[in-house]
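Encoded as structure tokens, the structure appears first; notes follow it.
There are 2 protein chains.
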Amino acid sequence: MSTQSSRSPSGYSTWRLIAEELRREIADGAWPAGAKLPSENDLAARFEVHRNTVRQAVAALVADGLVTSKRGSGTFVAEHTLLVHRIGARTRLTDSLRGSTASARLLDSAIEPDPPADIAERLRLDGRPALRLEQMRLVDGQPISLGTQWWVAEQVPGLPEIFARLGTVTGSLKEIGIADYLRAATTVGGRYATADEAELLRLAPGSVVLVVRSLDTLTDGTPLQFGIARFAAARVELDIEHARIG
Amino acid sequence: MSTQSSRSPSGYSTWRLIAEELRREIADGAWPAGAKLPSENDLAARFEVHRNTVRQAVAALVADGLVTSKRGSGTFVAEHTLLVHRIGARTRLTDSLRGSTASARLLDSAIEPDPPADIAERLRLDGRPALRLEQMRLVDGQPISLGTQWWVAEQVPGLPEIFARLGTVTGSLKEIGIADYLRAATTVGGRYATADEAELLRLAPGSVVLVVRSLDTLTDGTPLQFGIARFAAARVELDIEHARIG
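Protein chains in written order, with full-length UniProt numbering: chain A, 1 to 246; chain B, 1 to 246.
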């Protein structure tokens with residue numbers, strides 16, 4: 001990566017700001033899928049920067065899969081740039097990414113006798129140990145999210161081993177005897193990825209992640225799992241399921 | 001702001017990465033509200049950086065209101081760092097931020113005879129003009145979001161003037177004769193703020209925004225408004241309302 005690009009006074013590189021402006025314009029429909037981006041010279045004139053800076057910005061969009069460069073003919077907005085992850089009362093990743101090959105990889109698991117206080121409260125642990133699972137989800141081989149899941153350990157005996165074998169939470173719970181569960185609460189925030197998250201998700205340092213905190217319960221309302229998932233915002237958009245009223 | 005901080009190879013400043021790591025740890029409950037952060041010396045040792053770099057990171061958290069520094073006694077995690085914006089079938093900003101003084105400011109409005117194709121399709125305009133409103137929302141005087149709203153113009157005659165006078169969408173629609181409307185679809189994404197957005201929201205360049213795209217309809221399902229709201233992620237968390245099943 002070139003180190004010649006100019007920087008804004010705050011230390012934020014100009015190429016990154018240009019990349020984000022172009023990203024926003026693509027997201028907002030200024031150039032629909034298949035459209036040709038303006039030339040490097042035109043973009044350089046518009047942003048009043050050197051052509052190398054524009055080239056670096058466009059390279060970042062190419063790396064994200066947002067645009068594709070065709071040698072000799074220009075840069076084009078890619079089709080279907082974002083995966084859609086559905087959030088609803090019966091959210092299941094395998095349902096929400098139909099047509100792609102979704103998989104999950106177990107990164108770590110541990111019994112935690114003394115989990116953070118807010119987790120213990122949400123799960124109503126009352127001193128019982130929690131099971132912590134760390135997983136990465138991939139779609140078509142590309143990492144899309146990292147998840148830290150806190151389970152009421154005694155409700156899911158053997159979950160890490162079953163999950164490692166089956167690769168799906170819903171399937172693992174069925175095998176344990178939990179046929180159904182519900183999403184009770186979800187919040188969504190956004191922040192920069194930490195260095196570790198960026199490395200695991202194969203993102204540039206400081207990329208944006210969507211942070212989804214969720215509580216799943218058994219059908220009678222008993223807390224089952226509290227999760228903190230980090231989605232790569234460059235790859236995933238969340239789709240909120242609304243209650244049907246009236 | 002000091003320009004002495006070291007930078008990672010990608011041009012991403014180290015102090016910013018440290019600030020984000022601390023932000024994540026606070027969000028994840030490593031230090032609950034009221035807890036004391038480790039000293040600058042301890043943090044400098046942990047991150048293997050100069051104390052000035054840590055100081056810059058902590059100053060950024062102070063600027064965000066995430067922590068407060070008490071001279072001579074240290075740095076403490078602040079209470080209630082994030083506003084909660086509720087997203088549901090009957091989402092209303094004034095409902096979702098109870099206890100604070102929410103207001104909206106009209107930045108711009110225009111009749112658009114030829115809106116972007118995806119907007120025209122979502123609103124089923126069939127050649128009818130759209131009304132575009134640009135507004136900023138503030139809570140206790142602090143900007144929290146920017147919104148671009150596309151309305152079916154003929155359904156909301158005089159909306160810009162009424163909205164400028166009343167400062168609430170729901171109130172303005174009541175005056176026009178639209179007593180109720182429903183949220184039909186919502187997606188949430190994340191990205192860096194553009195330079196313009198950062199300036200209006202009084203954020204550091206390249207801060208994270210949550211992008212909420214939404215379709216509101218009349219109670220009979222007729223499209224009414226398509227909105228693209230950008231929330232300052234450092235200030236707002238979205239709370240998803242789930243359908244009650246069973």
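Here a beta-carbon is modelled for each residue, glycine too, at the ideal position from N, C-alpha and C.
Problem - Residue range of the unbroken beta strand (DSSP E) whose run includes B:P143 - result: Q142 to V152
Practice task
Enumerate in chain order the residues of its own chain whose CB-to-CB distance from B:I26 is below 7 Å, with the five nearest sequence positions on each side excluded.
Solution key: L66 and V77
Practice task
Identify every residue that forms a DSSP beta bridge with residue 249 of chain B.
Solution key: Only positions 1 to 246 of chain B appear in this structure, which leaves residue 249 of chain B out of reach.
Practice task
Could you work out which residues of chain A lie near B:H242, taking near to mean beta carbons separated by less than 9 Å?
Solution key: I87, G88, A89, L182, R183, A184, A185, T186, E241 and A243
Handout entry: Of the residues A:A153, A:Q142 and A:G141, the one placed nearest A:L123, counting alpha carbons only
Key = A:A153
Exercise for the section: Using a threshold of 8 Å, state whether the C-beta atoms of A:V208 and A:G189 are closer than that. Expected result: no
Handout entry: Nonlocal neighbours in the same chain, by C-beta distance under 6 Å from B:P113, ignoring five residues either side
Key = P129
Problem - Sufficient close CB pairs (3 or more, under 8 Å) joining the segment 153–170 of chain B to the segment 226–240 of chain B - result: no
Practice task
Verify the CB distance criterion: does B:T94 have a CB-CB separation below 8 Å to chain A?
Solution key: A caution first: B:T94 carries a pLDDT of 47, below 50, which makes its placement in the model too unreliable to give a value.
Practice task
Using alpha carbons as the reference points, say which of B:S103, B:A193, B:I87 and B:D140 lies closest to B:R213.
Solution key: B:I87
Practice task
Measure the alpha-carbon distance for B:R132 versus B:A179 and round it to whole angstroms.
Solution key: 21 Å
Practice task
Hey, could you find the ends of the alpha helix (DSSP H) B:P116 is sitting in?
Solution key: Careful: B:P116 lies outside any alpha helix (DSSP H) and carries neither H nor E.
Handout entry: Option nearest B:T168 by Cα separation, candidates B:A234, B:R105 and B:S73
Key = B:R105
Handout entry: Beta-carbon gap between A:R23 and A:I144 smaller than 8 Å
Key = no
Handout entry: Sequence-distant residues of the same chain with beta carbon closer than 7 Å to A:L43, five excluded per side
Key = V54
Handout entry: Close Cβ partners of B:R16 (< 6 Å) along its chain, the five nearest in sequence each way excluded
Key = none
Problem - Three-way DSSP call (helix, strand, coil) for A:P157 in this model - result: coil
Practice task
Check the C-beta distance from A:T239 over to B:T14 and give it rounded, since I have them as a contact under 8 Å.
Solution key: Checking the displayed sequence, the identity of residue 239 of chain A turns out to be Asp instead of Thr. Their Cβ separation, rounded to whole angstroms, is 36 Å, which puts A:D239 and B:T14 out of contact at 8 Å.
Exercise for the section: Name, going along the chain, the residues of the segment 102–132 of chain A whose beta-carbon falls closer than 9 Å to a beta-carbon of chain B. Expected result: P116, A117, D118 and I119
Problem - Beta-carbon proximity of A:T75 to A:L37, cut-off 8 Å - result: yes
Exercise for the section: Quick one: using the 10 Å Cβ neighbour count with 16 as the cut-off for buried, is residue 247 of chain B buried or exposed? Expected result: Outside the shown range of chain B (1 to 246) lies residue 247 of chain B, about which nothing can therefore be said.
Exercise for the section: Measure the Cβ-Cβ separation of A:A60 and A:A33 and say whether it is below 8 Å. Expected result: no
Problem - Start and end residues, beta strand (DSSP E) containing A:E134 - result: A130 to V139
Exercise for the section: Would you kindly work out how many angstroms separate the C-alpha atoms of A:A233 and B:K70, rounded to a whole number? Expected result: 36 Å
Exercise for the section: Could you pull out every unbroken beta strand (DSSP E) segment of at least 3 residues lying fully inside the segment 189–243 of chain B, listed in chain order? Expected result: 208–217, 223–232 and 236–240
Practice task
List the endpoints of the continuous alpha helix (DSSP H) containing B:G171.
Solution key: V169 to I176
Practice task
Quickly, what does DSSP pair B:T53 with across the bridge? List them, please.
Solution key: According to DSSP, which records beta bridges pairwise, B:T53 is partnered with nothing at all.
Problem - Candidates B:P205, B:G147, B:L203 and B:K174: closest to B:Q155 by CA position - result: B:K174
Handout entry: Beta-carbon gap between A:Q135 and A:L159 smaller than 8 Å
Key = no
Exercise for the section: Please decide whether A:A179 counts as near chain B, where near means a Cβ-Cβ distance under 8 Å. Expected result: no
Problem - Closest by C-alpha distance to B:I111, when choosing among B:L138, B:Q149 and B:A195 - result: B:Q149
Handout entry: Sheet register partners of A:V77 (DSSP bridge)
Key = A:V67
Exercise for the section: Whole angstroms is fine: what's the gap from B:P205's alpha carbon to A:H50's? Expected result: 20 Å
Problem - Anticipated Cβ contact below 8 Å, A:L125 with A:E197, distance rounded - result: That belief does not hold up - the Cβ atoms of A:L125 and A:E197 are roughly 26 Å apart, past 8 Å.
Handout entry: Residue from A:G221, A:E40, A:H242 and A:D216 whose Cα sits closest to the Cα of A:W151
Key = A:D216
Exercise for the section: Indicate the three-state DSSP secondary structure (helix, strand or coil) for A:L166 in the structure shown. Expected result: helix
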